[in-house]
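K.L.:
Counting from 2, one number per residue, gives the positions in the sequence shown under my numbering.
Glycine included, every Cβ here is placed at the ideal spot set by N, Cα and C.
All figures in this text were calculated on a predicted structure; none of them were measured in a lab.
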Amino acid sequence: MQITQGQRMPLANILPGLSLTLSVNIESPSAIDFVCFGVDEHGKLSDDRYMVFFNQPFTPCRSLVLAPGGQFEINLATLPASIDRLVFTASIDGAGAMNDIQNGNFKVISPSGDIGATCAFSGLTFTTEKAVMIVELYRKNGEWRLASNLQGFAEGLDALVRHFGGEVTEEAAPAPSPSTISLEKRVAAVAPELVSLAKKAQVSLEKACLVGMKARVLLVLDVTDSMRNQYKTGRVQEVLNRLVPIAVALDTDAELECWTFAERPLRLSPVTLNNYQNFVESDNSGWKKWDVGRRYNDEPKAIQKVIESFQASKDKTPMFVVFISDGGVSENRKITQLMVDAAKLGIFWQYIGLAGRNYGILEKLDTMPGRVVDNCGFFALDDLHDMTEEQLYERLMQEFPMWILEAKREGIIR
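(1) When you compare only the Cα positions, how much space is there between P301 and K141?
(2) So what does Y277 bridge to, in DSSP terms?
(3) Can you give me the C-alpha to C-alpha distance between V323 and F127, rounded to a whole angstrom?
(4) Could you tell me whether the segment 91–103 touches the segment 56–66, using the rule of 3 or more Cβ pairs below 8 Å?
(5) Tell me L257's beta-bridge partners as DSSP assigns them.
(6) Should the segment 220–239 be regarded as contacting the segment 179–198, the criterion being three or more beta carbon pairs within less than 8 Å?
(7) Going by beta-carbon coordinates alone, are L138 and L125 separated by less than 8 Å?
(8) Which residues bound the alpha helix (DSSP H) around L393?
(9) At the level of alpha carbons, what is the spacing between S227 and L366?
(10) Spatial neighbours of R296 within its chain, please: CB distance less than 8 Å, with the 5 preceding and 5 following residues excluded, ordered by chain position.
(11) Extract the residue ranges of the alpha helix (DSSP H) inside the segment 292–341, only unbroken runs of 4 or more that lie entirely within it.
(12) If we count the other Cβ atoms within 10 Å of its Cβ and call it buried at 16 or more, is E309 buried or exposed?
(13) Strictly by DSSP, which residues pair up with I139?
(14) Between which two residues does the beta strand (DSSP E) harbouring N26 extend?
(15) Using the three-state DSSP reduction, which class does I4 fall into: helix, strand or coil?
(16) Whose C-alpha, out of I414, Q238, G412, is nearest the C-alpha of L385?
(17) Can you look up R265 in the DSSP assignment and give me helix, strand or coil?
(18) Tell me which residues share the same chain as S47 and place their Cβ nearer than 8 Å to its Cβ, disregarding the 5 neighbours each side in the sequence.
(19) By a C-beta neighbour count over all protein chains shown, 10 Å radius and 16 as the cutoff for buried, is M2 buried or exposed?
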């Protein structure tokens with residue numbers, strides 16, 4: 002089986018059982034270090050014994066062993082439950098960049114030696130990156146899945162260690178990059194109280210290789226009766242605050258497009274650094290008076306309006322939609338069909354469940370069949386404060402970069 006960049010699938014589609022060899026081969030004039038990070042459900046290296054590399058070639062349980070030449074021997078059945086995913090990486094030791102690679106591939110090999118899947122790549126996939134997340138194995142709905150990432154990092158191994166929450170001893174702090182200075186200055190000039198968020202957002206954008214990427218950012222807010230407490234306690238306003246720096250960084254106009262919905266959708270004013278404060282209490286007379294009909298949820302109407310708005314616009318810049326819902330989702334067939342149809346468009350949908358339950362089809366988006374590309378993701382929070390600002394940005398940036406790669410490959414976006 003040939004795997005392409007950005008592809009995801011159940012591991013069971015490649016080989017039976019949970020024992021395998023992952024072989025990474027890279028022909029390059031540079032010295033290459035291979036490292037596997039065993040991270041927890043938050044994507045962090047909470048136990049550094051599960052960072053497998055040349056100086057630490059196996060885990061305590063020996064579920065993961067690094068053999069010479071980029072060969073990882075893996076037994077997923079004996080991994081502790083705290084390890085949620087294995088991320089296999091390569092980094093350059095010294096001079097050079099990933100675009101110097103002549104030939105590269107990874108192979109998934111069964112215990113009997115049969116090659117279940119191969120993914121080929123070369124330096125044409127990269128530019129000046131010094132490290133790359135090649136492939137990962139991760140738990141999803143009780144099964145192990147594989148994702149072919151091939152996502153680069155400007156820095157080397159140190160950047161990967163920091164990305165996964167590890168500590169790197171540095172002689173001196175590096176100077177801020179021009180993009181970091183630009184975002185911080187833009188935010189500080191108008192909304193200095195958001196500078197801390199801007200710094201955290203910038204770090205996540207850099208990790209996701211989205212610095213310089215242009216995308217429209219759109220927020221859709223559930224304003225049904227069951228969401229009242231989230232508005233009254235300020236949680237919805239906090240979500241909006243955290244998204245503003247992302248919009249400033251990605252959007253050409255530095256604004257966050259905003260819709261709300263209940264029985265019917267309503268387009269709100271664009272959110273900017275100038276008007277974000279107290280937005281949900283003030284825009285269109287405030288959330289209690291938003292003209293959305295009866296306060297029950299009709300997600301398909303809101304989704305359809307966003308799609309129609311995108312199609313009617315002359316601006317075909319990719320759109321990153323963050324859709325907030327507290328559950329009670331019942332229109333599963335309609336939502337499924339809308340997501341299948343929308344997969345042909347330059348829209349990525351990040352659904353977030355906030356303090357609710359019964360999210361229906363939203364919880365099954367990663368395995369939804371019939372789409373040209375995987376155009377949506379979902380995660381849920383019982384309380385926004387259960388997740389740090391850094392963790393929220395990491396989750397927001399988890400699947401969007403993968404969609405960009407897939408959508409470009411399919412010609413959906415440029």
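P.N.:
Judging by the given coordinates:
(1) 26 Å
(2) According to DSSP, Y277 bridges with nothing at all.
(3) 28 Å
(4) no
(5) V218, V272
(6) no
(7) no
(8) 390–410
(9) 23 Å
(10) V224, T225, D226, A263, E264
(11) 300–313
(12) exposed
(13) Note that residue 139 is Tyr in the sequence shown, not Ile. Note: Y139 sits in a beta bridge opposite R86, R146.
(14) 20–28
(15) coil
(16) Q238
(17) coil
(18) V40, D41, S83, G166
(19) exposed
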